[in-house]
Amino acid sequence: MLKSKRILLALFSLALFVTSCKEDEDVKPGNTLTARAGADQNVNAGDIVTLDGSASTDSENKPFDYRWTFTKKPTGSTTALSSATVSKPTFKTDLPGEYEVELTTSNANGESKDKVLITATVIQPVVLDANIAAKTTLEDRIDNPDVPDYVANGNVAVNAELTLKPGVVIAFARDARLEVNDNGGILLAKGDSTKPIRLIGKETKKGFWAGVIFRSSSSANTLEYVQVLHAGSKVLFSGRKAGMAIAGSSKAEVSIKNSLFEQNDGYGLWIERGVILSSFTKNTFKGNTEAGILLDADNVAKLDVNSSFTNGNGRNVVEIFASQLSKNITAEVVWQGFKDKTPYRVLEGLTVDANWKISPGVVIEISEGARMSIDEGYINAIGTPTAKIVIKGAENKPAYWRGLICYTTSANNVFEHVEISGGGSTALVSGKKVNIAVYGSQARMQIKNSKISGSGGYGMYVNYQAIVNDDIETVNTFADNVEGKVLREK
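Read in order, the letters of the sequence shown correspond to residues -22 to -1, 1 to 468 in mature numbering (1 follows the signal peptide of the UniProt record, and there is no 0).
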């Protein structure tokens, strides 16, 4: 009897245990989630893709979290999701190929996974196989700036109005060039900071294609946020290699703003005498084999202080070929200093007929054997104790260049807080080697608080008809001039 009671008690306990376990299982949540990562997509390489997990559900209508992760990308892709935890993240297909993304939805009820496949293919560029003979607009066809929208397998002559929309990329074949011609040719290339217009080589290496030449005198010609890269494969114009050349013989006119001239075998930009720069603002020159820019003296004043010329060019200077500062009756011609401290470099020589003002902090380098001549107008170079004006040889050597000669009678011929050195390589006038010569009937110059040094002859030569301040020897510093401070003829 006792044994039977024990058996019944054991069975009752077992029943309670089983019931308890079942009740525990009933309170555990079931997985009520279904993740839906959206339909597979076929897109163009460079496109921005929007993923859509908003069709995911929880059968109990409870909130849940999203978590997206790439499970496959093309080799070399560095793309990333805009966010991994929202229902509709985006990413850019930076390379052609397959992108597989997995969505995981989760909450206290459990989690669910689903995948979506994005296949990105390359759109073939349009071939520009004819000259532009009628008004034409080229649209941005591919969102990837590394993939060309158009290719030019030969020279393209622009003989009508050509508009390039933001983001357009044109790749040029070996030795090809773009010519914007006068008598009808106009280029309207206005990109923006997020979608620059790019003129590049089919192979992205320095000196692959010839470059761009402007002959058009239209005031409508505009380059904004334009990049010119990989040009300079051969002479572009008048014996020069450059990313872009602007011809003065036709008085070509163009506005250039926020543009980049990079990795060109030659100059980044060459501007011939006679060209009209209607504006020139915040342009960058870097990685060019020669200097970033070569131009005539008259266009120097058009350059703005915010443009940059000192990043890895063969010569980090603004080069000025032998030319003349033309007479300007109505205004001073001002050469400003650049924020990146780029010096000007005068090649072969500079003749001045203008009212020329040099701003504090400006550095002017003179090439070997060259001279500067103030024939009309004046030279007004007034620096400050902390922002001196420097005129020196392109190499810091004594007697490197010929010197500066002033023939004019203007009272505005003033040097103050100027350092001038390295002249007197050969005779400048009357057999005299000097840094500065003031020469001619009533020629005039005032020099104060300046340093005159390193001449191959005298620091200064003043002929008997010329006028300088009487205290010129005491209010200035003379050093290392071979023949002495000042030669003043009586």
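All C-beta atoms in this analysis are idealised placements derived from N, C-alpha and C, irrespective of residue type, glycine included. All values reported here derive from a predicted model rather than from experimental measurement.
Nearest to residue i (by Cα), restricted to the options the options
| i | options | result |
| --- | --- | --- |
| residue 470 | Thr82, Phe42, Lys375, Thr35 | Since the first residue shown for the chain is -22 and the last is 468, residue 470 is missing from the structure and cannot be characterised. |
| glutamate 268 | Gly290, Val283, Asn261, Val253 | Gly290 |
| glycine 400 | Tyr77, Thr68, Gly437 | Gly437 |
| alanine 154 | Ala405, Ser171, Gly179, Ser197 | Gly179 |
| leucine 214 | Pro321, Ser90, Val27, Trp187 | Trp187 |
| glycine 358 | Val79, Ile96, Ile369, Ser337 | Per the sequence shown, the amino acid found at residue 358 is asparagine instead of glycine. For asparagine 358, the nearest C-alpha among the options comes from Ser337. |
| glycine 163 | Gly75, Ile191, Gln443 | Ile191 |
| valine 311 | Lys280, Glu467, Pro376 | Lys280 |
| alanine 15 | Val21, Thr35, Leu156, Lys317 | Thr35 |
| isoleucine 148 | Asn137, Thr362, Ser65, Gln102 | Gln102 |
| asparagine 109 | Glu157, Arg119, Asp92 | Glu157 |
| asparagine 242 | Thr56, Val253, Lys219, Asp92 | Lys219 |
| threonine 362 | Ser351, Ile369, Ile352, Gly339 | Gly339 |
| lysine 51 | Ala62, Glu38, Thr63, Phe69 | Phe69 |
| valine 146 | Ala135, Asn122, Val134 | Asn122 |
| alanine 130 | Thr141, Glu139, Leu142, Asp107 | Asp107 |
| alanine 111 | Ile96, Thr141, Thr404 | Thr141 |
CB of residue i within 8 angstroms of CB of residue j, strictly
| i | j | result |
| --- | --- | --- |
| arginine 293 | glycine 327 | no |
| glycine 402 | glycine 355 | no |
| serine 345 | tryptophan 379 | yes |
| asparagine 427 | valine 453 | yes |
| valine 27 | threonine 71 | yes |
| serine 233 | tyrosine 203 | no |
| serine 257 | glutamate 231 | no |
| threonine 259 | lysine 235 | yes |
| valine 64 | tyrosine 44 | yes |
| alanine 17 | aspartate 92 | no |
| serine 90 | leucine 11 | yes |
| threonine 97 | asparagine 20 | yes |
Environment of residue i [buried if 16+ CB atoms lie within 10 Å]
| i | result |
| --- | --- |
| threonine 455 | exposed |
| lysine 113 | exposed |
| lysine 184 | buried |
| valine 105 | exposed |
| glycine 274 | First, the amino acid is wrong: residue 274 is aspartate here, not glycine. Result: buried. |
| methionine -22 | Confidence at methionine -22 is low in this model, with a pLDDT of 47, below 50, so the placement of that residue is unreliable and no value is reported for it. |
| proline 174 | buried |
| proline 67 | buried |
| glycine 54 | exposed |
| tyrosine 442 | exposed |
| asparagine 459 | buried |
Between the CA atoms of residue j and residue i - distance to the nearest angstrom
| i | j | result |
| --- | --- | --- |
| leucine 421 | isoleucine 383 | Here the sequence assigns alanine to residue 421, which means leucine is not the residue at that position. Cα-Cα distance, rounded: 10 angstroms. |
| glutamate 240 | valine 206 | 6 angstroms |
| asparagine 284 | glycine 315 | 9 angstroms |
| valine 125 | glycine 88 | 44 angstroms |
| valine 330 | aspartate 276 | 10 angstroms |
| glycine 246 | glycine 210 | 9 angstroms |
| glutamate 451 | isoleucine 367 | 19 angstroms |
| glycine 244 | tyrosine 385 | 37 angstroms |
| aspartate 160 | valine 396 | 44 angstroms |
| leucine 166 | glutamate 461 | 58 angstroms |
| valine 79 | tryptophan 46 | 7 angstroms |
| leucine 177 | histidine 208 | 9 angstroms |
| glutamate 181 | alanine 151 | 8 angstroms |
| glycine 270 | asparagine 374 | 22 angstroms |
| glycine 347 | lysine 410 | 14 angstroms |
| serine 84 | glycine 24 | 32 angstroms |
| alanine 377 | valine 416 | 18 angstroms |
| valine 295 | isoleucine 414 | 24 angstroms |
| lysine 429 | asparagine 266 | 35 angstroms |
| arginine 288 | aspartate 282 | Reading the sequence as shown, one finds threonine at residue 288 and not arginine. Each residue's Cα considered, the two are about 14 angstroms apart. |
| aspartate 118 | lysine 168 | 12 angstroms |
| aspartate 30 | aspartate 127 | 29 angstroms |
| alanine 223 | isoleucine 298 | 14 angstroms |
| arginine 466 | serine 237 | 51 angstroms |
| aspartate 323 | valine 278 | The residue you asked about is not aspartate; residue 323 is arginine in the sequence shown. Computed Cα separation, rounded: 11 angstroms. |
| serine 60 | glycine 132 | 41 angstroms |
| residue 484 | serine 301 | With the chain represented from -22 up to 468, any question about residue 484 goes unanswered, as that position is not in the structure. |
| tryptophan 342 | isoleucine 369 | One point to set straight first is that residue 342 is isoleucine, not tryptophan, in the sequence displayed. For isoleucine 342 and isoleucine 369, the distance between alpha carbons rounds to 5 angstroms. |
| valine 253 | asparagine 333 | 20 angstroms |
| alanine 457 | serine 388 | 27 angstroms |
Near the ligand ATP: residue i beta-carbon under 7 angstroms from a heavy atom
| i | result |
| --- | --- |
| tyrosine 385 | The ligand content of the structure shown is nil, which means the ligand ATP is not present either. |
Minimum Cβ-Cβ distance from residue i to chain B less than 8 angstroms
| i | result |
| --- | --- |
| leucine 328 | Of the protein chains in the structure, only one exists, and it is not chain B. |
(message) Ignoring anything shorter than 3 residues, give me the beta strand (DSSP E) runs that lie fully in the stretch 262 to 286, in order along the chain.
(response) 262 to 264, 269 to 273, all fully within the stretch 262 to 286.
(message) At 3 residues or longer, what runs of the beta strand (DSSP E) sit wholly inside the stretch 392 to 465?
(response) With a minimum length of 3 residues, the continuous beta strand (DSSP E) runs that stay inside the stretch 392 to 465 are 392 to 394, 396 to 399, 412 to 416, 422 to 426, 429 to 431, 436 to 440, 455 to 457.
(message) At 3 residues or longer, what runs of the beta strand (DSSP E) sit wholly inside the stretch 95 to 182?
(response) For the beta strand (DSSP E) assignment, the uninterrupted runs of no fewer than 3 residues enclosed by the stretch 95 to 182 are, from N- to C-terminal side, 114 to 116, 128 to 130, 134 to 136, 139 to 142, 147 to 150, 155 to 158, 164 to 168, 175 to 179.
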